[in-house]
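Just so we're aligned: 241 in our numbering is position 255 of the sequence shown, and the numbers increase by one with no gaps anywhere.
Glycine is no exception: its CB is placed at the ideal position from the N, C-alpha and C atoms.
This structure is a prediction, so every number in the text was calculated from the model and none was measured.
Only one structure is covered here, and it is reproduced in the block below.
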Amino acid sequence: MKTQQEENEDISNQDTSALLKIEDLSKYFGGMAAVKNLDFHVFTGEIYGIAGPNGAGKTTLFNVVTKFLPPSGGKVIFNGQHIHKHPPNKICELGIARTFQIPTLFESLTVYKNALVGAIYGKGSEKRDKENLVKKNLEFFGLWEKKDVIADELSLYERKVLMVATALTTEPRLLMLDEPTAGLSKKESEYIMSLFKKINAEGMTIMIIEHNMDVLMNISERVMILDHGVKICEGIPSKVCDDKRVIKAYLGERYEVKK
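See the structure below:
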């Protein structure tokens, strides 16, 4: 049996363009498979979309990758390291940050202190300027003027972007977004997605779960569709939307990708 170091050396000699590699990943709850024998790669610098019907295993996948849930089997490899045995805080320090479907904040803390938590508990570098990092991200999301407002007093849109800003202050290499536009207006959704595109253009790799097909198909470079924890299709948006299995399991009819 190979040691952890030998496994990591084997990975480093493989294709290095894949930042995240999921190999034969499964998660069972009793006898039910929420994620089953899943394989896919996320390449450095891309926006990788994930969709599927309710109960398809999308959020469970995020929870297993970030170790909020332990896998039942398989491997999660990030930046050349096996991470499926690491605790969530270590995974964050290695460079993976995530958001949640329902905004998850420190409700009694100010906007500034929420973002500061990410700066403190991210990669753990003592040398970086935490205050400037927080200010940069809050300004980017239009929250700097509300830095002294208690998080519980924010609107849904503001709570969602604060969650993203806090995630970014950990200085991740991979940002995982779980339904970031849920509950937002069309205008808010379009604006937040424009911000994600800017983040990606600066080199951030993004994984995004979305039910809004307009959002997902027009921001993602590749899309994976899950159904009952199984990958039924993966590829560029136009290919995925033409797939008969995707139409039957999820779309109901062919979806036209906007140019």
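DSSP places L11 in the uninterrupted beta strand (DSSP E) bounded by 4 to 15. Classified as exposed, G16 has fewer than 16 neighbouring CB atoms from the shown chains inside 10 Å of its CB. Per DSSP, the unbroken alpha helix (DSSP H) holding I185 starts and ends at 172 to 187.
The three-state secondary structure of I88, taken from DSSP, is coil. The C-beta separation of T155 from G104 comes to about 4 Å, placing the pair in contact by the 8 Å criterion. In the three-state DSSP reduction, A83 falls in the strand class (E or B). About 7 Å separates the beta carbons of E9 and I63, which is inside the 8 Å limit, making them a contact pair.
Following the DSSP letters along the chain, one finds A153 in no beta strand (DSSP E) but inside the alpha helix (DSSP H) bounded by residues 142 to 154.
Under the 10 Å beta carbon count, P158 is surrounded by 16 or more other beta carbons and is classified as buried. Annotated three-state conformation of F64 is strand, per DSSP. For E220, the enclosing beta strand (DSSP E) stretches over residues 216 to 221. Rounded to the nearest angstrom, the Cβ distance from V201 to V226 is 14 Å, too far for a contact under 8 Å. Take V232, set aside five residues on each side of it, and the residues of its chain with a beta-carbon closer than 7 Å to its own are I211, I218, C219, V226, in chain order.
K53 has its alpha-carbon roughly 14 Å from the corresponding atom of Y14.
DSSP places K22 within a strand segment (E or B) once states are collapsed to three. Look at T46 here: in three-state DSSP terms it is helix. Separation of P74 and P223 (C-alpha to C-alpha, rounded to the nearest whole angstrom) is 31 Å. Non-local C-beta neighbours of T167 in its own chain, meaning closer than 6 Å and more than five positions away in sequence, comprise S175, N198, V201, ordered along the chain. Contact annotation: T85 and A153 have beta-carbon atoms nearer than 8 Å.
Cβ atoms of K22 and I195 stay farther apart than 8 Å, at about 18 Å.
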